[in-house]
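Mature numbering (1 follows the signal peptide of the UniProt record, and there is no 0) puts the sequence shown at residues -19 to -1, 1 to 242.
Positions of the beta carbon are idealized from the N, C-alpha and C atoms, including for glycine.
Here the structure is laid out as C-alpha cells; the discussion comes afterwards.
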Amino acid sequence: MTQSHSRRRILLAAGAALATPFLVRPAAAQQSRTEPLITLPGDITHGDQATITRVRTARPLVALTFDDGPHPSLTPQLLDILAARQIRVTFYVIGSRVVRQPELTRRIALAGHEIGNHTWSHPSLSGLGDAAILSELDRTTQAVFDAVGRPPVTMRPPYGNLSGRQRLMVHRERNLPTVLWSVDPQDWRRPGASVVTSRIVNAAHPGGVILAHDIQSGTVNAMPATLDALLARGYQFVTMSELIGWPRWNQRRIRLAARAS
C-alpha cells in the first residue's frame, strides 16, 4: 500500500555518483561520465530532505520501480515480460521475503535489474526511532548481499513515510538516498489492469520515477500494454542508479565492510 505525496525537490550532490551505502565501499573507483545524462542541483547532505522524487532531464528516460517483492509467482511473470522487451527496472525488495526467495532474488539481479532496500518487515518508518530504522535497513542490506553479492545503494520507505530529518539521518548514517516517486497509479487499490496502464502512461514524464507493485496481479497483467505504450511514445527505461547518473548497479564492485562495534 502507498499513500500520495507532494512533489519533493531533489537534493543530490554532483559528487554523489560515487556514494555507497553504509557497510559497503567500492572495491574499484568508477570513471565519471564525460557527458552526464541529467542535472542534479543542490546537495543531498543539506536542506530539509535527502530525497529523489524525479530527475531533471530533457531525455525521455523513466525509472520503473516495483515494491514489496519478491513474489514467488508474480515476480517471475514480470521478469519474463521485461526480458521480452529488454527492459531493466528497479525492485525495492522486502528483506524478509528475500531470505525466503534467494534464488528469485538472484534471478532479478542476473537479469540486469537493480535491487533497492524496502526494509525488512515493511513498517511505517516515521513512527520508529533511528536505531529501529537502521536495523530494518541493515537486515535487508545483508539479506540482499547474501543473495546476490551486492548491496542496495538506494532505499524506499514503506508508504513513503519518512520525515525530512529521518531521511537526512539515513543518508548520513548509511549513505542511502531515499527514493520516492513522481508517478503513482495507486495499483495497490486494485483498480484493474487497464486503469493501471492508463494512469502510468498518461502521467509519465522525462525523468519520472514510476511506482508499482509486483505483488499485485493486476499490475503484472498491466505491464505488457504499459511498457509497449511507453516505448511507442519514445520512452527509454533505466534503473534508478542510471536515472540518477550513477554507474549501473550490476556493474559496480561493492562489498560489505565490517560493522562498527
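Best match in the options for proximity to residue i [C-alpha to C-alpha]
{"i": "R236", "options": "R120, P132, D195", "result": "P132"}
{"i": "residue 245", "options": "D119, R66, G188, Q217", "result": "Because the chain here runs from -19 to 242, residue 245 falls outside it and cannot be looked at."}
{"i": "D127", "options": "V182, N183, P83", "result": "P83"}
{"i": "P172", "options": "R137, R155, Q197", "result": "Q197"}
{"i": "S107", "options": "V125, L208, P138, R155", "result": "P138"}
{"i": "H194", "options": "P51, H186, E154", "result": "P51"}
{"i": "R35", "options": "L85, W230, I191", "result": "I191"}
{"i": "I89", "options": "R66, D209, F72, L118", "result": "F72"}
C-alpha gap between residue i and residue j, whole angstroms
{"i": "V219", "j": "I96", "result": "13 Å"}
{"i": "L4", "j": "P53", "result": "Confidence at L4 is low in this model, with a pLDDT of 36, below 50, so the placement of that residue should be treated as unreliable; the coordinate-derived value is given next. Straight-line Cα distance between these residues: approximately 29 Å."}
{"i": "G199", "j": "P228", "result": "32 Å"}
{"i": "R146", "j": "G93", "result": "33 Å"}
{"i": "V70", "j": "H152", "result": "23 Å"}
{"i": "A213", "j": "V129", "result": "33 Å"}
{"i": "L211", "j": "T32", "result": "25 Å"}
{"i": "E154", "j": "L63", "result": "34 Å"}
{"i": "P41", "j": "Y216", "result": "5 Å"}
{"i": "A185", "j": "L224", "result": "14 Å"}
{"i": "A166", "j": "T207", "result": "Looking at the sequence provided, one finds Pro at residue 166 rather than Ala. Roughly 11 Å between the two C-alpha positions."}
{"i": "D168", "j": "M221", "result": "20 Å"}
{"i": "A124", "j": "R66", "result": "29 Å"}
{"i": "T121", "j": "A113", "result": "13 Å"}
Range covered by the alpha helix (DSSP H) that runs through residue i
{"i": "I191", "result": "No alpha helix (DSSP H) contains I191, which is instead part of the beta strand (DSSP E) from 189 to 194."}
{"i": "G76", "result": "76 to 79"}
{"i": "V177", "result": "174 to 184"}
{"i": "Q123", "result": "111 to 129"}
Residue range of the unbroken beta strand (DSSP E) whose run includes residue i
{"i": "D48", "result": "42 to 48"}
{"i": "L237", "result": "235 to 237"}
Between the region 54 to 62 and the region 96 to 111, are three or more C-beta pairs nearer than 8 Å?
-> Too few Cβ pairs lie closer than 8 Å, so no.
Touching by the beta-carbon criterion (3+ pairs, under 8 Å), the region 171 to 184 and the region 202 to 217 | Short answer: they touch.
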